[in-house]
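2 protein chains.
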Amino acid sequence: MKIAVLGTGMVGRALAGRLADLGHEVAVGTRDVADTLSSEEYASWQEGHPTVVLRPFREVGEFGDVVLNAVAGIHALAALEAVGAAALSGKVLLDLAIPLDLSAGLPPTLTTANTDSLGEQIQAAFPDALVVKSLHTVYYEVMIDPARVPGEHSIFVAGNDEAAKTMVSGILEQFGWPAGSIIDLGDITAARATEMYSRLFFALYGRLGSFDFNINVVRAGA
Amino acid sequence: MKIAVLGTGMVGRALAGRLADLGHEVAVGTRDVADTLSSEEYASWQEGHPTVVLRPFREVGEFGDVVLNAVAGIHALAALEAVGAAALSGKVLLDLAIPLDLSAGLPPTLTTANTDSLGEQIQAAFPDALVVKSLHTVYYEVMIDPARVPGEHSIFVAGNDEAAKTMVSGILEQFGWPAGSIIDLGDITAARATEMYSRLFFALYGRLGSFDFNINVVRAGA
Numbered sequence: 001m002k003i004a005v006l007g008t009g010m011v012g013r014a015l016a017g018r019l020a021d022l023g024h025e026v027a028v029g030t031r032d033v034a035d036t037l038s039s040e041e042y043a044s045w046q047e048g049h050p051t052v053v054l055r056p057f058r059e060v061g062e063f064g065d066v067v068l069n070a071v072a073g074i075h076a077l078a079a080l081e082a083v084g085a086a087a088l089s090g091k092v093l094l095d096l097a098i099p100l101d102l103s104a105g106l107p108p109t110l111t112t113a114n115t116d117s118l119g120e121q122i123q124a125a126f127p128d129a130l131v132v133k134s135l136h137t138v139y140y141e142v143m144i145d146p147a148r149v150p151g152e153h154s155i156f157v158a159g160n161d162e163a164a165k166t167m168v169s170g171i172l173e174q175f176g177w178p179a180g181s182i183i184d185l186g187d188i189t190a191a192r193a194t195e196m197y198s199r200l201f202f203a204l205y206g207r208l209g210s211f212d213f214n215i216n217v218v219r220a221g222a
Numbered sequence: 001m002k003i004a005v006l007g008t009g010m011v012g013r014a015l016a017g018r019l020a021d022l023g024h025e026v027a028v029g030t031r032d033v034a035d036t037l038s039s040e041e042y043a044s045w046q047e048g049h050p051t052v053v054l055r056p057f058r059e060v061g062e063f064g065d066v067v068l069n070a071v072a073g074i075h076a077l078a079a080l081e082a083v084g085a086a087a088l089s090g091k092v093l094l095d096l097a098i099p100l101d102l103s104a105g106l107p108p109t110l111t112t113a114n115t116d117s118l119g120e121q122i123q124a125a126f127p128d129a130l131v132v133k134s135l136h137t138v139y140y141e142v143m144i145d146p147a148r149v150p151g152e153h154s155i156f157v158a159g160n161d162e163a164a165k166t167m168v169s170g171i172l173e174q175f176g177w178p179a180g181s182i183i184d185l186g187d188i189t190a191a192r193a194t195e196m197y198s199r200l201f202f203a204l205y206g207r208l209g210s211f212d213f214n215i216n217v218v219r220a221g222a
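In structure tokens, the structure reads:
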């Protein structure tokens, strides 16, 4: 599959590297290619991942069969505007950004919550994109390697398009998430649920002192 | 122990009944005793729990060594005002209310979230009370009988006073929560985490069609 990953930070790089290792054609999108390549951190990562290409947002949007939004929540809508509605039309857009306001440190607050969510804002801004919210309830290392956390634990998908959620679930399974661990929460309004969970995620991080954790949904009669 | 339970709804009744069965002296608090007793639902429950007394808010506040707030979130501060700051001073106040706005049905929104929480509002309004936020992350039937959900699953406590959290953890253990399942999230600001989790709770309820579920925090190296 041709996969566009928006975002050159540690989350974007980890996803891009893992997807390339899985055999996908991966292009990482950035606002300014030269600026990104001038970063020692990115350049050294690039050396280790020679098959991954770095391109401007608009080009990777046209390249990808699927687009992953791994840009920080506060910049997500601007990055997607740079990709452009035309490139996103009819395409699966896996959004794993959280609208974190980290200006006061940890634990963060959210720039939108309760009666709206970043997932919904993205779907509203790009009505022809097939937005699926997923993966953002775990740290990026766990996203791409769920076995870092032992035993059974859960990952969520939410979105308006069933086929898009099926495609995203396939990517999750390639990352190592068992099919039975993937919980479909319904349409994109459920992005509120998982984005608001981030406050508990950061409280647990504060308590456990490690990002290698997750929650498992346990139910009677399962 | 003498325990005051604020609230005559299904949550308050379930907690009061369970605490009485455990051998505690229990008084249920209400705004208007005659009005509550005129309810067929309450009266029939009362018949099955003859040791539980029903008293006005102010009286139960004076009676209880511990006060449980099981009033609906939107009425919680008013009920506690009726109990009075004097009766709450120096006392453990176990708050299990969620600030739900159910006016638009399920899933509910919250009347406060993100940069504040009901738990914090209660602590601010009654600075001499030892507020502990707990139990509200599961349905009331699971609160008092965690074995309804099989296997390991987690329950949270948050509050500013360590001794108060220890006392509340003792009540949780009497309900059947193993000590190892109780996670201390820190001070009362962590009430934001567990109150905001309620959106995911209701999304999961919508998906599972049952309230007999909970989350288990799974971590590496545990």
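Protein chains in written order, with our numbering: chain A, 1 to 222; chain B, 1 to 222. Backbone N, C-alpha and C fix where the C-beta goes; we use that ideal spot for every residue, glycine too. Keep in mind that this is a model prediction, so the values were computed, not measured.
Within chain A, no C-beta atom comes nearer than 9 Å to that of TYR140 (chain B); the closest sits roughly 15 Å away. Residue environment analysis places LEU37 (chain B) among the exposed positions, since fewer than 16 neighbouring C-beta atoms fall within 10 angstroms of its C-beta. Bounds of any alpha helix (DSSP H) do not take in VAL138 (chain B), whose DSSP letter is neither H nor E. Taking one beta carbon from each stretch, the region 197-211 of chain B and the region 106-122 of chain B have 3 or more pairs nearer than 8 Å; the two touch. For GLU162 (chain B), no beta strand (DSSP E) encloses it; the enclosing alpha helix (DSSP H) starts and ends at 162-175. In the structure shown, PRO107 (chain B) adopts coil according to DSSP, grouped into three states. Of the other Cβ atoms in all chains shown, fewer than 16 fall within 10 Å of the Cβ of PRO150 (chain B); this residue is therefore exposed. A Cβ-Cβ separation of about 6 Å places ALA125 (chain A) in contact with LEU77 (chain A) under the 8 Å criterion. Taking C-beta separations shorter than 8 Å and ignoring five residues to either side along the sequence, the partners of MET10 (chain B) in its chain run TYR140, following chain order. Between VAL217 (chain B) and ILE215 (chain A) the beta-carbon gap is near 6 Å, inside 8 Å, which marks them as a contact. In the three-state reduction of the DSSP assignment, THR30 (chain B) falls in the strand class. Separation of the CB atoms of PHE63 (chain B) and ALA20 (chain B) is rounded to 14 Å, and the pair is thereby denied contact status at 8 Å. For LEU100 (chain A), the closest of A:GLY90, A:TYR197, A:GLU47, A:ALA190 by C-alpha to C-alpha distance is A:TYR197. LYS91 (chain A) and ALA85 (chain A) have their alpha carbons spaced roughly 10 Å apart. In the assembly as shown, THR166 (chain A) is an exposed residue. Its beta-carbon has fewer than 16 other beta-carbons within 10 Å. Using beta-carbon distances, VAL217 (chain B) counts as an interface residue toward chain A, with a partner under 7 Å. Within the region 137-169 of chain A, ARG148, VAL149, PRO150, GLY151, HIS153 place their CB atoms closer than 7 Å to a CB of chain B, listed in sequence order. Chain-order list of chain B residues neighbouring ALA16 (chain A): empty, with the shortest C-beta distance near 24 Å, by a criterion of under 8 Å.
Classified as exposed, ALA222 (chain B) has fewer than 16 neighbouring CB atoms from the shown chains inside 10 Å of its CB. With its beta carbon at least 7 Å from every one in chain A, ASP187 (chain B) lies outside the interface.
In this structure, the straight-line span from the alpha carbon of SER44 (chain A) to that of GLY12 (chain A) is close to 15 Å. For GLY159 (chain A), no alpha helix (DSSP H) encloses it; the enclosing beta strand (DSSP E) starts and ends at 155-159.
Contact between ARG55 (chain B) and GLY23 (chain B) is absent: CB atoms are separated by about 20 Å, not below the 8 Å threshold. Per DSSP, the unbroken beta strand (DSSP E) holding PHE213 (chain A) starts and ends at 213-219.
Annotated three-state conformation of ALA193 (chain B) is helix, per DSSP. Per DSSP, LEU204 (chain B) is one residue of the alpha helix (DSSP H) stretching across 198-208. Separation of the CB atoms of LEU94 (chain B) and VAL66 (chain B) is rounded to 6 Å, and the pair is thereby assigned contact status at 8 Å. Of the candidates B:ASP187, B:VAL33, B:GLU40, B:GLU25, the residue whose Cα lies closest to the Cα of ARG58 (chain B) is B:VAL33.
Take PHE156 (chain B), set aside five residues on each side of it, and the residues of its chain with a beta-carbon closer than 7 Å to its own are SER134, THR137, ILE183, LEU185, THR194, in chain order. Looking from the CA of SER181 (chain B), the closest CA among B:SER169, B:THR189, B:THR115 belongs to B:SER169.
Scanning A:GLU40, A:HIS49, A:GLU41, A:ILE144 for the CA closest to the CA of GLU25 (chain A) turns up A:HIS49. For ALA4 (chain A), the enclosing beta strand (DSSP E) starts and ends at 2-6. Around TYR197 (chain B), the beta-carbon contacts reaching into chain A at under 8 Å are MET196, TYR197, ARG199, LEU200. In the three-state reduction of the DSSP assignment, LEU100 (chain B) falls in the strand class.
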